[in-house]
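Okay, structure first, notes after.
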Amino acid sequence: MAAAPSEAPAQAGADPHEWRFYGGDPGHTKYTPLDRITADNVDQLRIAWTWTSVDDKLRAENPVIRDGQRFRTYAYEVTPLVVDGVLYATTNLGQVAAIDPTTGETIWSYDPGLYLDGRPAVHGFLTRGLAWWSDGEESRLIYAGGRTWLVSVDAKTGKPDPAFGRNGRVDLTRGLGRIIDTG
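Using our numbering, read the sequence shown as starting at 3 and increasing by one per residue.
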């Protein structure tokens with residue numbers, strides 16, 4: 003047996019201007035080849051913009067959500083995606099938003115009303131992230147939210163995917179052959 007040194011990079015990582023997967027790339031390396039931020043200049047970083055979650059507007063417009071413990075959220079732990087120059091993120095209450103990554107402005111948001119089923123058991127409203135899919139012409143954002151839902155929306159418009167379940171939603175407990183306690 004013999005071994006030879008290799009010149010291959012240690013981490014191939016994601017496209018430098020995209021973050022299409024939870025871990026950055028299909029290999030989940032959580033790595034980007036961008037090198038403008040280094041150990042020498044990280045202390046010079048400044049906030050470029052902040053984003054106000056579309057959940058805040060929902061709470062302000064709906065007293066039941068604003069005032070009730072039934073809709074209380076605890077942590078915002080989403081991993082956003084960046085695809086074709088757009089940042090996509092889910093919210094604690096199960097909404098999804100497209101955000102301009104240079105300005106922080108919301109391009110569109112979609113509210114499937116997942117919170118109307120009530121607070122999920124265990125950790126309450128918590129959505130970790132979403133997935134992006136494309137066939138080259140159409141693209142979709144897919145994510146789990148609420149108690150039992152899988153949601154698919156058009157990545158360009160934020161409209162529900164008409165070919166996915168009912169109005170872009172699938173109940174993941176349907177057809178299991180037994181009652182699932184989600185509360």
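Where a beta carbon is used, it is the ideal one built from N, C-alpha and C, also for glycine.
As the structure is a prediction and not an experimental result, all values here were calculated from the model.
Limits of the alpha helix (DSSP H) - the one that residue i falls within
i, result
"A62", "56-63"
Identified DSSP bridge partners for residue i
i, result
"Y112", "V98"
"I144", "A133, S154"
"V88", "V85"
"W21", "V84"
"P162", "V155"
"R48", "R48 pairs with nothing; no bridge assigned."
"R194", "In the structure as shown, the chain begins at 3 and stops at 185. Residue 194 is therefore absent and cannot be evaluated."
Boundaries (first-last residue) of the beta strand (DSSP E) holding residue i
i, result
"T81", "Note, T81: premise wrong, no beta strand (DSSP E); not H, not E."
"V172", "171-173"
Sub-9 Å separation of residue i and residue j beta-carbons
i, j, result
"L95", "G131", "no"
"V155", "V85", "no"
"G106", "A50", "yes"
"T104", "Y24", "no"
"R142", "D163", "yes"
"A133", "L174", "no"
"K161", "Y112", "yes"
"W151", "I144", "no"
"G148", "D119", "yes"
Cβ-based burial, residue i [other Cβ within 10 Å; buried from 16]
i, result
"T54", "exposed"
"P114", "buried"
"P7", "A caution first: P7 carries a pLDDT of 48, below 50, which makes its placement in the model too unreliable to give a value."
"A41", "exposed"
"I39", "exposed"
"L36", "exposed"
"A100", "buried"
"R171", "buried"
"T93", "buried"
"L116", "buried"
"D27", "buried"
"E139", "exposed"
"V56", "buried"
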